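Below is one structure, written out as structure tokens, with a few remarks after it.
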Amino acid sequence: MKTIQGAPGAKILAFGHYQPSKVVTNADLSATMDTNDEWIQSRVGIKERRIATAGESEIDLAVQAGGKALAASGLSAGDIDLVIVATCTLEAQIPNAAARVATRLGIEAPGAFDVNTACSGFCYALALANDAVRAGSAVNVLVVGTEKLSQWIDWTDRSTAVIFADGAGAAVVGPSDTPRIGPVVWGSAGDKADAIMIKDRDSFLRQEGQTVFRWATTALHPVAKEICERAGVDPADLAAFVPHQANLRIIEAIARRLGADKAVIAKDIVLAGNTSAASIPLALSRMVERGEVQSGGLVLLLGFGAGLTYAGQVVEVP
Numbered sequence: 001m002k003t004i005q006g007a008p009g010a011k012i013l014a015f016g017h018y019q020p021s022k023v024v025t026n027a028d029l030s031a032t033m034d035t036n037d038e039w040i041q042s043r044v045g046i047k048e049r050r051i052a053t054a055g056e057s058e059i060d061l062a063v064q065a066g067g068k069a070l071a072a073s074g075l076s077a078g079d080i081d082l083v084i085v086a087t088c089t090l091e092a093q094i095p096n097a098a099a100r101v102a103t104r105l106g107i108e109a110p111g112a113f114d115v116n117t118a119c120s121g122f123c124y125a126l127a128l129a130n131d132a133v134r135a136g137s138a139v140n141v142l143v144v145g146t147e148k149l150s151q152w153i154d155w156t157d158r159s160t161a162v163i164f165a166d167g168a169g170a171a172v173v174g175p176s177d178t179p180r181i182g183p184v185v186w187g188s189a190g191d192k193a194d195a196i197m198i199k200d201r202d203s204f205l206r207q208e209g210q211t212v213f214r215w216a217t218t219a220l221h222p223v224a225k226e227i228c229e230r231a232g233v234d235p236a237d238l239a240a241f242v243p244h245q246a247n248l249r250i251i252e253a254i255a256r257r258l259g260a261d262k263a264v265i266a267k268d269i270v271l272a273g274n275t276s277a278a279s280i281p282l283a284l285s286r287m288v289e290r291g292e293v294q295s296g297g298l299v300l301l302l303g304f305g306a307g308l309t310y311a312g313q314v315v316e317v318p
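Per UniProt numbering, the sequence shown starts with residue 1, numbered consecutively.
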């Protein structure tokens, strides 16, 4: 058999993100349901969130974020040979999102597929991109997390309406002389799959908040530590910790147990809400844009959510 040529490692070349312009505050929600700003902030830590308009799809959001990442990477559309989109909110399952995003960005004939592990989706997709580059299956990969959760939410149900939001984040992954994306640690707890679900195409998203909270605050800090161990990184050396932006109390609980005392902790949920597969790249792209994490810094990513699934890796900021 002919030797397959891959790369010794892979790295993130650039990030990009996009949020809809419509801001929905806690005061806005309190006008239509039994809730208030104090109740929302005390339980989930959110002050406001972004919601897409009726004419703005999850594909539109992905194209915006992916286009920014591609421009920042210095590559052209012709340099991308694989597109992976992480999403759980498509209105129709066929055609997939990745092929549509690729053609709108002018990327011709790439491999194109979607990943649906909900809130852990970006980390799953990033792991697949890393493996594809290192194996020689692709040279440069566009990875996008995009969600329009607002179209699956009952806006009279305060248990979900106050939490979820819309947005997209993206990264371009390419070859590297040394590995700059660490090994993925991933897994699932399918016995709790009913804790977050959309029953059928005529239903809204429902979740058992306490079940998810208990699982996230007890089961995931060992996963975060294992990710660091697999990457050979001491948590004390992390520049940032970017977990899925599910709930501010969950984020703070995992961060306390991790021992990453010098790390900037992403708390994008306060102004962005929970954007599922978009939340990690959205938060990290915004942190990089604000200069909170410098080039070369090591960042721990940890996605978790419906399935129940989890995944994470340590990455180097471009």
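Ideal placement from N, C-alpha and C gives every residue a C-beta, glycine not left out. For clarity, every value in this text was computed on a predicted model and none was experimentally measured.
Self-check item: Local conformation of R158 per DSSP, three classes
Solution: Taking the sequence shown and counting its residues from 1, one reaches residue 158 at position 158. Looking at R158 - three-state DSSP - the assignment turns out to be helix.
Quiz item: If you draw a straight line from the alpha carbon of K22 to that of L105, how long is it in whole angstroms?
Solution: Counting from one through the sequence shown, the residue named residue 22 turns up at place 22. Counting from one through the sequence shown, the residue named residue 105 turns up at place 105. Roughly 24 Å separates the two Cα atoms.
Quiz item: Helix, strand or coil: which one does DSSP assign to H17?
Solution: As a first step, residue 17 must be located in the sequence shown, where it is residue number 17. Note: H17 maps to strand in three-state DSSP.
Exercise. Kindly provide the ranges of any alpha helix (DSSP H) runs that are 4 or more residues long and lie completely inside the region 67-105, ordered along the chain.
Key: 97-104
Quiz item: Would the region 220-228 and the region 272-288 be scored as touching if the rule is three or more Cβ pairs under 8 Å?
Solution: no
Practice problem: Report yes if the CB atom of G296 is closer than 8 Å to the CB atom of V317, and no otherwise. | Solution: As a working note, residue 296 is residue 296 in the sequence shown. As a working note, residue 317 is residue 317 in the sequence shown. For G296 and V317, yes; Cβs fall inside 8 Å.
Exercise. State the start and end residues of the unbroken beta strand (DSSP E) segment that holds V315.
Key: Position 315 of the sequence shown, counted from the start, is the residue given in the question as residue 315. Taken as a continuous stretch (DSSP letters only), the beta strand (DSSP E) holding V315 covers T309 to E316.
Quiz prompt | Assigned secondary structure, M1 (DSSP; H/G/I helix, E/B strand, else coil) | solution = Here residue 1 corresponds to residue number 1 of the sequence shown, with the count starting at 1. Unreliable placement is indicated for M1, whose pLDDT of 41 sits below 50; the coordinate value is still reported in the next sentence. Coil, per DSSP.
Quiz item: For A109, does the count of other Cβ atoms within 10 angstroms reach 16, so buried, or fall short, so exposed?
Solution: Indexing the sequence shown from 1 puts residue 109 at position 109. The residue is exposed, with fewer than 16 neighbouring Cβ atoms inside 10 Å.
Exercise. Inspect the beta-carbon positions of A272 and Q19 and report whether they are closer than 8 Å.
Key: As a position in the sequence shown, residue 272 is number 272, starting the count at 1. As a position in the sequence shown, residue 19 is number 19, starting the count at 1. Yes; because the gap between Cβ atoms is below 8 Å, this pair is in contact.
Exercise. Taking only the alpha-carbon atoms, compute the straight-line gap between A311 and P281 and give it to the nearest angstrom.
Key: The residue you call residue 311 lines up with position 311 of the sequence shown. The residue you call residue 281 lines up with position 281 of the sequence shown. The straight-line gap from Cα to Cα measures roughly 14 Å.
Quiz prompt | Beta bridge counterpart(s) of M197 as assigned by DSSP | solution = As a working mapping, residue 197 is identified with position 197 in the sequence shown. According to DSSP, M197 bridges with R206.
Quiz item: Are the region 53-63 and the region 24-44 touching, with three or more C-beta to C-beta distances below 8 Å?
Solution: no
Quiz item: Is the region 131-151 close to the region 58-75, with three or more CB pairs under 8 Å?
Solution: yes
Quiz item: What does I40 pair with, by DSSP beta-bridge criteria?
Solution: To locate residue 40, count along the sequence shown from 1; it is residue 40. Note: I40 sits in no beta bridge, so no partner.
Quiz prompt | For V63 and G169, the rounded distance between their alpha carbons | solution = Reading the sequence shown from its first residue, position 169 is the one you call residue 169. Reading the sequence shown from its first residue, position 63 is the one you call residue 63. Approximately 10 Å, taken between the alpha carbons.
Exercise. Identify the continuous beta strand (DSSP E) that holds F164 and give its terminal residues.
Key: Your numbering for residue 164 matches position 164 in the sequence shown. Looking at the DSSP string, F164 is not in any beta strand (DSSP E), and its letter there is neither H nor E.
Quiz item: What residues in its chain sit with their C-beta under 7 Å from that of V101, if we drop five residues either side in the sequence?
Solution: Your numbering for residue 101 matches position 101 in the sequence shown. Correct list, in chain order: I59, A62, V63, G66, V83, V85 and V144.
Quiz item: Where D154 and I269 are concerned, what is the direct C-alpha to C-alpha distance, given to the nearest angstrom?
Solution: For the purposes of this step, residue 154 is taken as residue 154 along the sequence shown, with counting starting at 1. For the purposes of this step, residue 269 is taken as residue 269 along the sequence shown, with counting starting at 1. If I take the Cα positions, the gap works out to 20 Å.
Quiz item: Using 8 Å as the threshold, is the region 119-139 in touch with the region 169-182, meaning 3 or more CB pairs across them?
Solution: yes
Quiz item: Start and end of the alpha helix (DSSP H) containing G121?
Solution: To locate residue 121, count along the sequence shown from 1; it is residue 121. Where G121 is concerned, the enclosing alpha helix (DSSP H) stretches over G121 to A135.
Quiz item: So, are the CB atoms of N96 and D114 less than 8 Å apart?
Solution: Here the question's residue 96 lines up with position 96 in the sequence shown. Here the question's residue 114 lines up with position 114 in the sequence shown. Yes, the pair counts as a contact, with Cβ atoms nearer than the cut-off.
Exercise. Return the residue from the list G307, G182 and G45 that minimises the CA-CA distance to D234.
Key: Counting from 1 along the sequence shown, the entry for residue 234 is found at position 234. Residue G182 is the option with its Cα nearest to D234.
Practice problem: Check V288 in the structure and name its three-state DSSP category. | Solution: Within the sequence shown, numbered from 1, the residue matching residue 288 stands at position 288. Three-state result, V288: helix.
Quiz item: Between K2 and D79, what straight-line distance do the alpha-carbon atoms span, to the nearest angstrom?
Solution: Along the sequence shown, one-based indexing puts residue 2 at 2. Along the sequence shown, one-based indexing puts residue 79 at 79. Below a pLDDT of 50, predicted positions are generally treated as unreliable, and K2, at 46, falls in that range; no measurement from the model is reported.
Quiz item: Thinking C-alpha only, which one of F164, D177 and V314 is nearest V24?
Solution: As a working note, residue 24 is residue 24 in the sequence shown. The option with the nearest alpha carbon to V24 is F164.
Self-check item: Sequence-distant residues of the same chain with beta carbon closer than 6 Å to A306, five excluded per side
Solution: Your numbering for residue 306 matches position 306 in the sequence shown. Excluding residues within five positions, the ones whose Cβ falls inside 6 Å are A118 and I196.
Quiz item: Since L302 is in the beta strand (DSSP E), which residue starts that stretch and which ends it?
Solution: Looking up residue 302 in the sequence shown gives position 302. Here the beta strand (DSSP E) through L302 covers L298 to G305.
Quiz item: Just curious, the alpha helix (DSSP H) that A272 is in, first and last residue?
Solution: Your numbering for residue 272 matches position 272 in the sequence shown. Per DSSP, A272 belongs to the alpha helix (DSSP H) from I269 to A272.
Self-check item: Cβ-based neighbour list, S150, same chain, cut-off 8 Å, excluding 5 preceding and 5 following
Solution: Numbered from 1 along the sequence shown, position 150 holds the residue referred to as residue 150. So the qualifying residues of the chain are I51, A52, F164, A165 and D166.
Self-check item: Check whether A99 and W186 have beta carbons under 8 Å apart
Solution: For the purposes of this step, residue 99 is identified with residue 99 of the sequence shown, where counting begins at 1. For the purposes of this step, residue 186 is identified with residue 186 of the sequence shown, where counting begins at 1. No, the pair does not count as a contact, with Cβ atoms beyond the cut-off.
Quiz item: Just the Cα atoms here: how many angstroms apart are V184 and A224?
Solution: Position 184 of the sequence shown, counted from the first residue, corresponds to residue 184. Position 224 of the sequence shown, counted from the first residue, corresponds to residue 224. Cα to Cα, V184 sits roughly 11 Å from A224.
Quiz item: Can you tell me whether DSSP reads G190 as helix, strand or coil?
Solution: Reading the sequence shown from its first residue, position 190 is the one you call residue 190. In this structure, G190 counts as helix in the three-state DSSP scheme.
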